Amino acid sequence: MWFDAGVNLTNTRLLTNLDGVMERARAAGVTRQLIIATNESEAQAAITLCERHPEQLVTTVGVHPHDAAGVSANYLERLTELAKHPAVVAIGECGLDFNRNYSPPEQQIKVFSEQIQLANRLGLPLYLHERDAREKQIQLLDKLCSASTECISHCFTGGPEDAKAYKARGHWFGITGWLCDDRRNQALVAALPLLPQDQLLIETDAPFLLPRTLRPRPKLNEPQWLPEVGCALAQHLNLKQEEVAKLTTDNACRLFALSEASG
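For the sequence shown, this note's numbering assigns the number 12 to the initial residue and increments by one for each residue that follows.
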């Protein structure tokens with residue numbers, strides 16, 4: 012069994028054929044998926060999907076740094092209410108992105124800071140995004156994040172220095188199909204030995220980050236391709252693929268306080 016710890020199921024490229032996406036995932040042994048929400052409307056849509064597939068789906072609720080400038084005046088109240096749903100297992104995808112600055116940095120910092128404190132209040136993990144903002148993100152987390160609030164660095168692609176910095180904070184790490192791309196995975200490969208295996212998760216980030224090792228090459232990334240990421244991780248960690256499946260599934264269930272992965 013595999014646990015996809017990050018999939019954008021509300022993206023129209025997946026949503027338009029959701030039944031097919033879910034069936035192909037089950038056939039590939041991907042028995043549970045975590046939907047990533049990046050704004051208020053996506054969070055509500057993700058909860059609706061979880062209600063349709065309660066045995067397979069759980070979700071985050073939160074605001075991505077790209078969407079920070081567009082939050083409603085009462086977005087924290089809305090997220091708080093949505094987070095009461097039993098399918099909600101984390102706050103996010105939240106964080107900082109100083110690479111593109113689709114939202115002004117000051118607004119990103121404000122919205123991220125508020126979500127850190129929300130996670131503290133609700134006792135939920137933080138599902139984190141970070142690009143070109145490690146120093147500021149760690150500064151805010153060190154200042155505001157409760158010691159009891161777990162953090163996962165979603166779609167971790169950093170090198171050894173990034174790994175050391177986040178490992179020092181006790182972070183969990185989500186590994187994606189980036190690992191399957193030998194054009195740009197060198198830093199991540201160098202960082203892998205530093206990452207705690209009992210805090211590793213794997214995710215497709217579908218429909219993005221299609222593993223380049225797939226042949227023939229599909230048009231779209233889907234949860235069904237998660238085992239390809241697991242295969243790459245197994246090779247780099249010198250583990251069997253079945254060991255990686257069990258390890259990362261068990262880790263996800265512990266982080267998100269789920270009893271077991273469903274079939």
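All C-beta atoms in this analysis are idealised placements derived from N, C-alpha and C, irrespective of residue type, glycine included. All figures in this text were calculated on a predicted structure; none of them were measured in a lab.
Separation of residue j from residue i, as counted between CA atoms
| i | j | result |
| --- | --- | --- |
| G103 | E34 | 26 Å |
| N112 | P97 | 33 Å |
| L211 | L248 | 11 Å |
| V41 | P234 | 7 Å |
| Y177 | N262 | 17 Å |
| L258 | V122 | 33 Å |
| T70 | V100 | 6 Å |
| E53 | T21 | 7 Å |
| E62 | K154 | 36 Å |
| L221 | V32 | 15 Å |
| A201 | N232 | 25 Å |
| L151 | Q126 | 11 Å |
| L250 | V82 | 43 Å |
| P115 | Q252 | 42 Å |
| A272 | L93 | At A272 the pLDDT is 47, less than 50, meaning the model places this residue with poor confidence; the figure from the coordinates comes in the next sentence. The alpha-carbon atoms of A272 and L93 are separated by roughly 23 Å. |
| E254 | D209 | 12 Å |
| G274 | P76 | Residue placement at G274 is flagged as unreliable, the pLDDT there being 49, under the threshold of 50; a coordinate-derived value is accordingly withheld. |
| A256 | G170 | 24 Å |
| D193 | H140 | 22 Å |
| A198 | T49 | 27 Å |
Residue i, DSSP secondary structure in three states
| i | result |
| --- | --- |
| S164 | strand |
| E239 | helix |
| E104 | strand |
| H77 | helix |
| E214 | coil |
| I120 | helix |
| I186 | strand |
| D173 | helix |
| G31 | helix |
| R145 | helix |
| R132 | helix |
| I47 | coil |
| Y113 | coil |
| D15 | strand |
| H140 | strand |
| V69 | strand |
| V82 | coil |
| A201 | helix |
| T23 | helix |
| T224 | coil |
Residue i vs residue j beta-carbon contact at 8 Å
| i | j | result |
| --- | --- | --- |
| C105 | G73 | yes |
| C156 | G185 | no |
| G275 | I213 | This structure does not reach residue 275, given that the chain is present from 12 up to 274, and the question cannot be answered. |
| T168 | D15 | no |
| A84 | Q119 | no |
| G17 | I47 | yes |
| A36 | P238 | no |
| A158 | D108 | no |
| W236 | L225 | yes |
| W183 | C162 | yes |
| L206 | A179 | no |
| A217 | L29 | no |
| F267 | P136 | yes |
Contact belief for residue i with residue j at Cβ below 8 Å, rounded distance in angstroms
| i | j | result |
| --- | --- | --- |
| L191 | R223 | One detail in the question is off: residue 191 reads as Cys in this sequence, not Leu. The pair is a contact, with the Cβ atoms about 5 Å apart (cut-off 8 Å). |
| N131 | T160 | 5 Å |
| E51 | Y86 | 6 Å |
| T187 | M12 | About 19 Å; that fails the 8 Å criterion. |
Near the ligand GDP: residue i beta-carbon under 7 Å from a heavy atom
| i | result |
| --- | --- |
| L133 | Although the ligand GDP was asked about, the structure shown includes no ligands whatsoever. |
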